[in-house]
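Some notes on the structure that comes next.
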Amino acid sequence: MIWFAILIPKADRGGMTLPGYLDPQRRYRPLKRPVLNDWGDIEVQVSDQTPTESPYYRATETALMRSLPDVAEPYIHPYCATNSALPRLHDAWEDEDYAIVLLEDRSSLSPLIEAWTMNESSKRQEVALQHLHWMYQMTDLWMLLTELAGRPSLVQLDNLRLDGEDLLCLQRLYLETSDQSVSLNQLGDTWSQLFRFSQMSPHPDIAVLIQRLQQGQISSPQRLRSHLDQILDSLQPQSQREEEEDDDPTGWNFQEEDFTITAPIIPTVQLTHAGQTDIGRQRRHNEDTFLLWLRQHQRETPNSRTESARGLYVLCDGMGGHEGGDVASAIAVETVADRILPYWDEDFPEQWRINEAIAAANTAIYDLNQDQGRRGNRRMGTTLVMLLVDNNRAAIAHVGDSRLYRLTVSGGLELLTRDHELGQQSIAQGVDPTVAYQTPQAYQLTQALGPRESVRPDVRFLPILENTLFLLASDGLTDRSLVELHWKTHLKPYLAVSTNLNFAPQELIDLANHENGRDNVTAVLVRVELKSF
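Sequential numbering from 5 applies to the sequence shown in the working numbering.
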């Protein structure tokens, strides 16, 4: 196993001669000739002679506190543990001469500077969009690295790499000191260098943005991101910019939106999905379940090519603390699928069909509760959240507190469902949110499938007007506003069609288990790509 080692001298040693092994136990052996970087650190690849053994800093909790060098502290921050763009720590210790940090070796990954030079056959607009994509990532990383005091990491060109999905990642962290700090205008210098060294001419709007950034006219990464949004909007096809303004984009609207006005032309659609569930860190068994169903058609002639796609996605969270929650969630998924898929021919399922399917699931669980004589907390139940996609149309339905989010470039992250719980019920009646959630009872469900004889699902129809990423999530993932706090790092990269969506559920589950972990965790992601040929 090869690792990337950083040796930070404790004093000026006047040379780079390293011993045959970095540690007294003769575990880590330097491979290539060490390199002295501009910061005075020594960098070298090392071979791990006993890779099955635990890292030194994990030997015991007391050893961790005693031996972890200060320079390694940022690498154990949750950001590094949950964000693939940031380097992950393998080992760390210190001796009389050095503080030593071992990281995942990313030296074989493509440098960003090489990818910045686009193929000459690429269209100017495509080139600008790709450059904007990386500039977005760097801006978001700037905000994360501000908390880690690691902003210099983004102004070292040889530190910027691309993973297998062409997403930005860092080889290491460069930390700020009292005499080595960076400001936002230096990020503009980095972008300018990327264009200059790659001999690429920036898009005129990007060139103006970089100049303003270098001159200090953009004071915050939030404002910088807003400017990037404006440029991206100007580069989007006109058809994607004609969506009418929504007075309340995050509010609830039970009326069906008008497809004929906002989306008169049905585009070609590509659907990609991924889902995963996990027991969590405290539960004895998993009561969550989900369904992924996809049907895609492709037709091609010498003169034309069309694709159409339909998808049904269901997530159910068996009610925590209720016996048989896993049974209830399984019944709900199977019943809904059986009531919708056989009747989904040419026409998009109407609201009555969706309501009937959910009602049938509720009845099936309710009848089982009655037959088994279950009372009170022994009655099995489950939440449900569902997404139907038919080309550029979507329908969503839910009962309970499992959620559905939508992420787009133009709208950012939007919560499309409202939790069926006492706190939300109080807010709807005019109670201040801070007052409504002062008691634990505020999180008690007002609706679920199974405990009662009838249920009233919320159903909503909406058009899909641009590339969209949907997230269906159980409360093990959404508790403590986890999605709202981390969507830029854990969802936004997967809006790009070049990314592998299969990695996203596990990254979200890892995040939830690290930050929450008390409940089962389930994530279903659906990416809708609007295409033209």
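Don't be surprised by glycine CBs; every beta carbon is placed ideally from N, CA and C.
Small disclaimer: the values here were computed from a predicted structure and weren't measured.
- Message: Taking CB distances under 8 Å as the criterion, tell me whether A211 reaches chain D.
- Response: The structure shown contains no chain D; it holds only a single protein chain.
- Task: List the residues that DSSP assigns as beta-bridge partners of D95.
- Result: Listed as beta-bridge partners of D95 by DSSP are L106.
- Item | Cβ contact check for the region 470-490 and the region 402-414: 3 or more pairs under 8 Å | The region 470-490, when compared against the region 402-414, does touch it at the 8 Å Cβ threshold.
- Item | Given R382 as reference, the closest of V439, L298 and R456 once Cα atoms are compared | When only C-alpha atoms are compared, the closest one is R456.
- Over what stretch of residues does the alpha helix (DSSP H) that includes Y61 continue unbroken? Y61 -> no alpha helix (DSSP H), and no H or E assigned at all.
- Task: Go through the region 157-227 residue by residue and report every complete run of the alpha helix (DSSP H) that reaches 4 residues or more, in order.
- Result: Runs found: 188-201 and 208-218.
- Quick one: using the 10 Å Cβ neighbour count with 16 as the cut-off for buried, is A477 buried or exposed? So A477 ends up on the buried side.
- Member of P156, L166, D292 and L529 whose CA lies at the smallest distance from the CA of D523: Residue D292 is the option with its Cα nearest to D523.
- Give every residue of the same chain whose Cβ lies closer than 8 Å to the Cβ of L505, excluding the five residues on either side of it in the sequence, and list them in chain order. Answer for L505: T276, H277, A278, Y498, L529 and R531, listed in chain order.
- Query: R229 to T305, Cα distance in whole Å?
  - Reply: Taking the straight line joining both Cα atoms gives about 42 Å.
- For Y102, the nearest candidate out of L26, A398 and N373 (CA to CA): If we check each option's Cα against that of Y102, L26 comes out closest.
- Item | C-alpha distance - L177 paired with D193, whole-angstrom precision | Using only the alpha carbons, I get a separation of about 19 Å.
- Item | Distance CB(I400)-CB(L420) smaller than 8 Å | Yes, Cβ-Cβ distance for I400 and L420 is below 8 Å.
- Query: So V39 packs on V48, CB below 8 Å; how close in whole Å?
  - Reply: The pair is a contact, with the Cβ atoms about 7 Å apart (cut-off 8 Å).
- Task: Report yes if the CB atom of G454 is closer than 8 Å to the CB atom of N366, and no otherwise.
- Result: Yes, the pair counts as a contact, with Cβ atoms nearer than the cut-off.
- Query: Would DSSP call L239 helix, strand or coil?
  - Reply: In the structure shown, L239 adopts helical secondary structure according to DSSP, grouped into three states.
- Roughly how many whole angstroms lie between the Cα atoms of P89 and G377? The sequence given here has Ala at residue 89, not Pro. Roughly 53 Å between the two C-alpha positions.
- Task: Kindly indicate the opening and closing residues of the beta strand (DSSP E) around L152.
- Result: L152 -> not in any beta strand (DSSP E); alpha helix (DSSP H) instead, spanning R128 to L152.
- Message: Can you tell me whether Y441 is helix, strand or coil according to DSSP?
- Response: In the three-state reduction of the DSSP assignment, Y441 falls in the coil class.
- State the DSSP-derived secondary structure class of K535, mapped to helix, strand or coil. Looking at K535 - three-state DSSP - the assignment turns out to be strand.
- Any idea if A432 is buried or exposed, counting beta-carbon neighbours within 10 angstroms, 16 or more meaning buried? Exposed: under 16 other Cβ atoms inside 10 Å.
- Assign D250 to one of two classes, buried (16 or more other C-beta atoms within 10 Å of its C-beta) or exposed (fewer than that). Confidence is the limiting factor: at D250 the pLDDT is only 43, short of 50, which leaves the residue's position unreliable, though a coordinate-based value still follows. With fewer than 16 Cβ atoms within 10 Å of its Cβ, D250 is classed as exposed.
- Using DSSP with H/G/I as helix, E/B as strand and the rest coil, what is V403? DSSP places V403 within a strand segment (E or B) once states are collapsed to three.
- Item | Where the alpha helix (DSSP H) containing S430 begins and where it ends | Going by DSSP, S430 is part of the alpha helix (DSSP H) stretching over L426 to A432.
- Query: Pick from D167, W356, L236 and I362: whose alpha carbon is nearest that of Q134?
  - Reply: Comparing Cα-Cα distances from Q134 to each of D167, W356, L236 and I362, the minimum goes to L236.
- Message: Can you tell me whether H231 is buried or exposed? The criterion is at least 16 other CB atoms within 10 Å of its CB, across all chains shown.
- Response: By the neighbour-count rule (16 or more Cβ atoms within 10 Å), H231 is buried.
- Message: Which same chain residues end up closer than 6 Å to W120 when comparing Cβ atoms and leaving out the 5 residues on each side of it in sequence?
- Response: Only residues of its own chain outside the window of five on either side were considered, and among them L198 and S202 have a CB closer than 6 Å to the CB of W120, listed in chain order.
- Task: Report all residues from its chain with a CB closer than 7 Å to the CB of F263; omit the five preceding and five following residues, and keep chain order.
- Result: With a pLDDT of only 38 at F263, under the threshold of 50, the placement of this residue in the model should not be trusted; the figure read from the coordinates follows. The answer, listed in chain order, is R397 and P467.
- Message: Quick check on DSSP: helix, strand or coil for Y447?
- Response: Residue state, collapsed to three classes: helix.
- Message: Taking a contact to mean a Cβ-Cβ separation below 8 Å, would you say G521 touches Q286 in this structure?
- Response: Pairing G521 with Q286 gives a Cβ-Cβ distance under 8 Å.
- Query: How would you label D144, buried or exposed, when you count the other beta carbons within 10 angstroms and need 16 or more for buried?
  - Reply: The residue is buried, with at least 16 neighbouring Cβ atoms inside 10 Å.
- Item | Identified DSSP bridge partners for Q274 | Its beta-bridge partners are E533.
- If you draw a straight line from the alpha carbon of S243 to that of K36, how long is it in whole angstroms? Because S243 carries a pLDDT of 41, less than 50, the predicted location of this residue cannot be relied on, and the following value inherits that uncertainty. The alpha-carbon atoms of S243 and K36 are separated by roughly 54 Å.
- Bridge partners - G315, DSSP secondary structure assignment: DSSP output for G315 lists L298 and V393 as bridge partner(s).
- Item | Straight-line Cα distance separating D95 from H490 | Going from the Cα of H490 to the Cα of D95 covers about 26 Å.
- Item | Beta-carbon proximity list for L116, same chain, < 8 Å, skipping 5 on both sides | Take L116, set aside five residues on each side of it, and the residues of its chain with a beta-carbon closer than 8 Å to its own are W138, L161, L164, R165, L166, L172 and L198, in chain order.
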